[in-house]
Amino acid sequence: MWLVAQLPLRVQWWLGSGLGRLAWRLGSSRRRITEANIHLCFPQLTEQRQRELVKQSFIANGIGLLEIGVCWFCDTNKLKAITTLHGLENFERALEGGKGVLLVGGHYSTLEMGGSLATHFIESSVMQRDHNNPLVNAIMTRSRERRYGMVHGARDLRGLFRSLKKNHAVWYATDQDYGRKDIVFAPFFGIPTGTITATSRIAERSGCKVVPFSHFRRSGKPGYDIYFHPALENFPSGDDLVDATAINQTIEQEIKRAPDQYLWMHRRFKTRPDPDDPGFYGRKR
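Here it is in structure tokens:
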């Protein structure tokens, strides 16, 4: 991965595309999950278009995998010139509140690259879940500590609130299925989806602003677009379902910018409202 990270970005994208195509052919399990998710979220597309989107998603995530190496082993400042920020004034306005900003994002294929590039324009910390592989986790954490102000573990709520109290920005993604604990079933592409309520708790306790944050790879000529959206209004509302719905809607809207650049191979709809529901992936959830 270090060696590939030294190559020109266009070459990396070409190699990542090939890696994604290979994964699409060989990764039958993840391909079935991706097919199920895209069928659920884009029923209006023809079967042919859905199949194309599945393949494009693998390609986008193959590129994203190689981009991780760039973020971990290189200085992404060299990519600042081909990065465009949209809505930076929304972030700056939210920061004027003086109680910190929670940058709420999703698992786009540019997850590592988007966050890394953003740090060249703004100061922020990041929340992360530890990797199961200790060596990979050490490399990941060390690289993020170099780029972000602080790296907060998933359970490091004290550190998170300390950062917000200093009027810092903290970035984290909310769109994964973590089981039944502390969730509500909020619509996501029209499907009741287990969504964590932690965002509401954090905003309620800290008084921080919640700013939707997204990032995408450009098609064709190498480059990136980063979006800061207006802070969510009346958040938290006092109703976890209303809050979770607002967050899911912002992520859904952003996914539609580039549907292939989302992590569709994750079982986002694994946990169902009815525990006896067999679910969408072939097993009881």
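Following our numbering, the numbering of the sequence shown begins with 284 at its first residue and continues without gaps.
We treat Cβ as the ideally placed atom computed from N, Cα and C, and that holds for glycine.
Predicted model, so just to flag it, every value in this text is computed and none were measured.
Straight-line spacing of the CA atoms in T480 and R315 works out to 29 Å. In its chain, beyond the 5 residues on either side, K382 have a beta carbon closer than 7 Å to the beta carbon of G490.
Rounded to the nearest angstrom, the Cβ distance from A306 to Y564 is 18 Å, too far for a contact under 8 Å. Taking I474 as the centre and dropping the five residues before and after it, the same chain places the C-beta of L323, F552 closer than 7 Å to its C-beta, in chain order. Around the Cβ of L515, a 10 Å sphere holds 16 or more other Cβ atoms; the residue is buried. Non-local C-beta neighbours of G388 in its own chain, meaning closer than 7 Å and more than five positions away in sequence, comprise W454, A456, F496, S497, ordered along the chain.
No Cβ-Cβ contact shorter than 9 Å links M433 with H414. Contact check between the region 544-562 and the region 504-521: fewer than three CB pairs, one atom from each, fall below 8 Å, which does not count as touching.
Shown here for W285: same chain residues with a beta carbon closer than 6 Å to its own, the five before and five after excluded, namely F356 in chain order. Taking all protein chains shown into account, A437 has fewer than 16 neighbouring C-beta atoms within 10 Å of its C-beta and is therefore exposed.
Beta-bridge pairing by DSSP links Q411 to G436.
In terms of CA proximity to V353, P291 leads the group L386, P291, G462.
Taken through DSSP and simplified to helix, strand or coil, P475 comes out as strand.
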